[in-house]
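Just so you know, we're using our numbering here: the sequence shown kicks off at 2 and counts up by one. Backbone N, C-alpha and C define an ideal beta-carbon position, used for all residues, glycine too. Worksheet: the structure to be examined is printed underneath.
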Amino acid sequence: MLSFSSQLTEIKGIGPNIALKLAKLKLHTVKDVLYYFPFRYLDFSKISKIADLEDGQIATIYGKIDKVGIYKTFHKKMWIVEATISDETGKVKAVWFNQKFLINTLKEGKFANFAGKPILQGKHLTFQNPMFEMINDEFQEARHTGRLVPVYPQTEGVTSKMIRFVVSKILPDFLDSPEFLPENVVKEFDFPSLADSFAHIHYPDTIEQAQEAEKRFSFQDLFLLQLINASEREHLSKQDAYACDYTPEYIKELFSYVPFELTLAQKKALHEILEDIKKPHPTSRLLQGDVGSGKTIVATIASLVVANNGKQAILMAPTEVLARQHYETFKKYFEEFSNGIALLTSAQILSFHGDGLETETSKKELLSQIKSGKIKIIIGTHSIIQKNVSFKNAALVIIDEQHRFGVDQRAKLMHDNKFIPHLLSMSATPIPRTLALTAFGDLDLSLINELPKNRKPIITKAVTSTNRQKAYDFVSQQIKSGRQAFVICPRIEAPDPQAPLTPRQLFNLEVKSVKEETEKLSKKIFPNFKIASLHGRMKSADKQKIMADFKDKKYDILVSTSVIEVGIDIPNATVMLIEGSEHFGLSQLYQFRGRVGRGQHQSYCFLFSDINSKSTAIRMKALVNAKSGFELAEIDLKLRGPGQFLGQEQSGLPDLAMKAIQNPQLVQAARNSAYEIIKSDPELKNHPYLAAYVKMFREQVHLE
Ligand code: ADP
Ligand code: MG
């Protein structure tokens, strides 16, 4: 009897040679094969015999290609490919118009399926432009059995046939696999049992059966993911965290230092966060909000509450420029607060203590002040956690613009401290709710779904090459009236003209580079304006200086690569001009555009593109019409699937779960039942099969 963990070599008929080949597909154990699903099925169940074909009735036949010919029509206007196909009951003709190349595919003596509508021409039935599919020899037998035959993703040396053979050896031992999904869910969604699902996904009687099985397995992945999330939370809820309390009066006082009124959505998110940090057990939250929705001030106030409780808050940004910007926000509004606020990056070490003085200390001094608790708010880049900084009493960690901040990373911040900090993760990447619930199921969600009232929607235009000059004239006007502009380019340098070019490089030659573009703009287009450039290969201190100078209006135009992408706040900039916009994902374009429209002036986004393809046009249209990033995200989820929001790797989600995310009902059901089970049986002591499955799943998605 085989078990999930049996090695494939234990199966009779599978020697080391075949095992080695299967290993190329990462098939090592019996479980690997059971979960290696076909990507489609060849349907031999609905194949008609040639003798049974009727005039005008759509049908599929399977037969041998007896003869193939090609000729021109009488007026020599059109090529016609003609084939004669036979099975054991008769012969039929098929013709294709204007598809000369088919002569290379339709080989005499080979077998194929043909599907279409045969029409009576004279005495003979003829298929006109039928679809066809060449059938490998390996399916010869299958057609006699007249059923659905699984087709597996294959690789060199491993055919579908071979996998079918292995599956057929394994399946019989798993036809009484015990069910581990909760009974009520199986009933509610009418899922097939685990045993039936194995049988049906590999050898379905009908396509519907296979689909039902796939749906069950998708749910299974979602459910296991949620179960892991739920037990993670259950575990955390038994750990200690510093509880930081607040009074409405204190929050009002903090508000009074801010020159604007927080939006309702900001206040709601802030409230959710403040309720989190009040708890004596570590909490985890993801704060989502479009660029410019004002996440920083929410994080700032939460940090000040922590500091007011005598505890420490850590704010980590993805880049030094952004860390600096966050620090400036504190300074701008709360310089008189005497809790000790510090910026700690490799370029700069600054702090202030409410005495109106900002000091530049040595790193050593600063680290000792952090350790002693004299400094309560520490702002830096993500590298703070790697740098072995010791904290006195970290109560809150805020991560800006990094999706995955794992439990281990949070643990790293504690060192010998038994208290685990609360976690607040902030993201402007619009992630549809169902995806967020799955990929970040271990986090509570808060959403800032409105922009501050003073914002005007950004006018977005796709600019054709004929209108390029018009766009430049417009930029000129804007700058003359005191505004500033960004120009985004997809590459840093033009490729070396001496080196031989790959097709891809040839293509990239068209791509505007920052250096070339800066040169062109400053010499030819805008000789009277001051232009700076920025790219990822520059030293961080240089980048920072340029950003600071741009903010101080020392430049009119900033030409940049995508390093500008996250978080930079320059309210005076009103134009975002994107070169080669087809090279960027929708989400990324959306982020770029969010760099402007941050002040009281009307802002503009111009999308230049070297390629005028239809798909570019569709993408541009979606961006032009999008009212919020979240709306765009929901559209994108439907159009292109979840893959593009988070790379597969970043999400850590299995394929099937990714698919299932498009079904909010399944996601919610998976979540509810997972949390229910963990609540009543946190260690899964009463659910042994489920516990075993969770363990396997953790290994599979590398959670351990
Ligand atoms: P993001 O959510 O992208 O991080 P920021 O926190 O950087 O956005 O805020 C963008 C800009 O909007 C900042 O200049 C900030 O001062 C301003 N801002 C934030 N909230 C409000 C508000 N309620 N009213 C007006 N301006 C606001
Ligand atoms: Mg931000």
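Check for me: the beta strand (DSSP E) holding residue i runs from which residue to which?
{"i": "residue 65", "result": "60 to 73"}
{"i": "residue 125", "result": "125 to 129"}
{"i": "residue 201", "result": "Not the beta strand (DSSP E): residue 201 falls in the alpha helix (DSSP H), residues 195 to 203."}
{"i": "residue 767", "result": "Residue 767 falls outside the range modelled here, since the chain spans only 2 to 705, and no answer is possible."}
{"i": "residue 462", "result": "460 to 464"}
{"i": "residue 549", "result": "Segment 541 to 552 is the alpha helix (DSSP H) holding residue 549; no beta strand (DSSP E) there."}
{"i": "residue 382", "result": "378 to 382"}
{"i": "residue 353", "result": "350 to 353"}
{"i": "residue 526", "result": "First-last for residue 526: undefined, no H or E at that position."}
Under the three-state reduction of DSSP, which class applies to residue i: helix, strand or coil?
{"i": "residue 266", "result": "helix"}
{"i": "residue 394", "result": "coil"}
{"i": "residue 401", "result": "strand"}
{"i": "residue 101", "result": "helix"}
{"i": "residue 469", "result": "helix"}
{"i": "residue 603", "result": "coil"}
{"i": "residue 177", "result": "coil"}
{"i": "residue 630", "result": "helix"}
{"i": "residue 359", "result": "strand"}
{"i": "residue 3", "result": "coil"}
{"i": "residue 429", "result": "coil"}
{"i": "residue 49", "result": "strand"}
{"i": "residue 327", "result": "helix"}
{"i": "residue 336", "result": "coil"}
{"i": "residue 570", "result": "coil"}
{"i": "residue 274", "result": "helix"}
{"i": "residue 8", "result": "strand"}
{"i": "residue 420", "result": "strand"}
{"i": "residue 56", "result": "coil"}
{"i": "residue 497", "result": "With a pLDDT of 47 at residue 497, under the threshold of 50, the predicted position of this residue should be treated as unreliable, though the coordinate-derived value follows. Note: residue 497 maps to coil in three-state DSSP."}
{"i": "residue 534", "result": "strand"}
{"i": "residue 24", "result": "helix"}
{"i": "residue 650", "result": "Residue confidence for residue 650 is low, a pLDDT of 41 falling below 50, so the modelled location carries little weight and cannot support an answer."}
{"i": "residue 240", "result": "coil"}
{"i": "residue 317", "result": "strand"}
{"i": "residue 514", "result": "strand"}
Hey, quick one: how far does the alpha helix (DSSP H) through residue i stretch, first residue to last?
{"i": "residue 666", "result": "665 to 681"}
{"i": "residue 561", "result": "No alpha helix (DSSP H) contains residue 561, which is instead part of the beta strand (DSSP E) from 558 to 561."}
{"i": "residue 255", "result": "249 to 257"}
{"i": "residue 227", "result": "208 to 237"}
{"i": "residue 697", "result": "689 to 701"}
{"i": "residue 373", "result": "364 to 373"}
{"i": "residue 300", "result": "296 to 309"}
Would you list the residues sitting across from residue i in a DSSP beta bridge?
{"i": "residue 85", "result": "68, 94"}
{"i": "residue 42", "result": "151"}
{"i": "residue 579", "result": "489, 608"}
{"i": "residue 110", "result": "In DSSP, residue 110 forms no bridge with anything."}
{"i": "residue 119", "result": "128"}
{"i": "residue 290", "result": "449"}
{"i": "residue 344", "result": "351, 380"}
Excluding sequence positions up to five away, which residues of its chain have a Cβ less than 6 Å from the Cβ of residue i?
{"i": "residue 328", "result": "344, 380"}
{"i": "residue 205", "result": "149, 211"}
{"i": "residue 603", "result": "457"}
{"i": "residue 13", "result": "none"}
{"i": "residue 498", "result": "Note on residue 498: pLDDT 47, under 50, position unreliable in the model; no value is reported."}
{"i": "residue 39", "result": "151, 152, 153"}
{"i": "residue 608", "result": "463, 579, 582, 621"}
Below 7 Å CB to CB, which residues in the same chain sit around residue i once its five sequence neighbours on both sides are set aside?
{"i": "residue 80", "result": "71, 73, 99, 101"}
{"i": "residue 552", "result": "571"}
{"i": "residue 44", "result": "149"}
{"i": "residue 90", "result": "50, 51, 52"}
So, at 8 Å on beta carbons, what are the nonlocal neighbours of residue i in its own chain, with the 5 sequence-adjacent residues on each side left out?
{"i": "residue 605", "result": "459, 460, 461, 462, 475, 479, 575, 576, 577, 597"}
{"i": "residue 187", "result": "180, 194"}
{"i": "residue 429", "result": "289, 290, 291, 292, 294, 296, 402, 567, 568, 592, 595, 630"}
{"i": "residue 550", "result": "533, 556"}
{"i": "residue 7", "result": "30, 31"}
{"i": "residue 678", "result": "183, 228, 231, 685, 688, 691"}
{"i": "residue 192", "result": "182, 186, 198, 213, 216, 217, 220"}
Between the region 292 to 306 and the region 389 to 404, do three or more beta carbon pairs fall short of 8 Å? yes
Between the region 55 to 63 and the region 107 to 123, do at least 3 Cβ pairs fall closer than 8 Å? yes
At least three beta-carbon pairs within less than 8 Å, the region 546 to 563 to the region 470 to 488: yes
Closer than 8 Å is the cut-off here; do at least three beta carbon pairs connect the region 341 to 355 with the region 371 to 380? yes
Would you say the region 306 to 323 touches the region 354 to 365, given that touching needs at least three Cβ pairs under 8 Å? no
Could you tell me whether the region 274 to 286 touches the region 243 to 255, using the rule of 3 or more Cβ pairs below 8 Å? The region 274 to 286 is in contact with the region 243 to 255.
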